[in-house]
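Numbering (this note's numbering), first residue to last: 6 to 252. Worksheet for the structure shown next.
Below, the structure is given as structure tokens:
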């Protein structure tokens, strides 16, 4: 009986791991999970690592949050694209100023901007783009997305292993979706650096509203020295490599 019970537990654990892998949550030992420098935010995800092979939904309630979310996405893209990746940014009316991506280490010429006439076309283009494994990430600006539409995007990601970032500005309905996580990014006032002119580095309030198989929470992050930095943590005197995690 004990042996049978142990075999059952092993089978269940193996099935759980298989489901997580299909959903984009790869165990660190599998070589697919990666820490991208989000510090304590990443602890909220399964295996304490950002799931790159999934669809992430960003809810914005006003234009200020939409602008802050675009900047936060710039930091994510810097990690996801590395030095040679390509991103597709799809919208009906782009809110992003492309040269601003260079603030986060992303060269604008490696981001292909696509503008379409209707929001329905945004979803179609995003689904087709997410099927292309030659891309590092796909960003789509849209207002509404239902469960069936999000499921189609997630299924495309599970095959191509491309990251999907859905920027939803002022959604009319925030219902259930098949996305790996639902985020809300709010701007925080920047603080000027001692002895330096101008404004300080970008700062955000980062909230994970929903995390599949994870733990929602709220944190404050900034961007400095080419990386995400939890507010209140000391900065290193020398900039670390991009993929080095915050310990």
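Think of the CB as a built atom: it goes at the ideal place given N, C-alpha and C, for glycine as much as any other residue. Nothing here was measured: the structure is a model prediction, and the numbers come from that model.
By the criterion of a C-beta distance shorter than 7 Å, residue 80 is surrounded in its chain by 109, 228, 233, once the five residues flanking it on both sides are discounted.
Residue 154: member of the alpha helix (DSSP H) spanning 152–165, first to last residue.
With 16 or more other Cβ atoms inside 10 Å of its own Cβ, residue 174 counts as buried. Runs of beta strand (DSSP E) with 3 or more residues, each lying fully within the stretch 52–135, are found at 60–65, 92–96, 116–120, listed in chain order.
In the DSSP annotation of this structure, the continuous segment of the beta strand (DSSP E) that includes residue 233 starts and ends at 232–235. Rounded to whole angstroms, the separation of the alpha carbons of residue 225 and residue 164 is 33 Å. Distance from the Cα of residue 133 is smallest, within the candidate group 161, 43, 64, 189, for 161. Judged by beta-carbon spacing, residue 106 lies beyond the 9 Å limit of residue 145, meaning their Cβ atoms are not closer than that value.
When C-alpha distances from residue 83 are compared across 46, 98, 42, 101, the shortest belongs to 42. Counted as a single uninterrupted DSSP element, the beta strand (DSSP E) harbouring residue 174 occupies residues 168–174.
In the DSSP assignment, residue 227 falls within the unbroken beta strand (DSSP E) covering 222–229. In the structure shown, residue 192 adopts extended strand secondary structure according to DSSP, grouped into three states. Following the DSSP letters along the chain, one finds residue 210 inside the beta strand (DSSP E) bounded by residues 208–216.
Taking C-alpha positions only, residue 147 is separated from residue 87 by approximately 26 Å.
Annotation: residue 89 to residue 13 spans about 45 Å, alpha carbon to alpha carbon. In the three-state reduction of the DSSP assignment, residue 49 falls in the helix class.
Shortest Cα-Cα distance from residue 155 to any of 235, 129, 139 involves 129. Rounded to whole angstroms, the gap between the alpha carbons of residue 181 and residue 93 is 25 Å. Rounded to whole angstroms, the gap between the alpha carbons of residue 51 and residue 65 is 25 Å. Apart from sequence neighbours up to five positions away, the residues of its chain that approach residue 219 with a beta-carbon distance below 7 Å are 49, 50, 51, ordered along the chain. Of the residues assessed, residue 197 falls on the exposed side of the cut-off, its CB having fewer than 16 other CB atoms within 10 angstroms. For residue 198, there is no enclosing beta strand (DSSP E), as DSSP marks it with neither H nor E.
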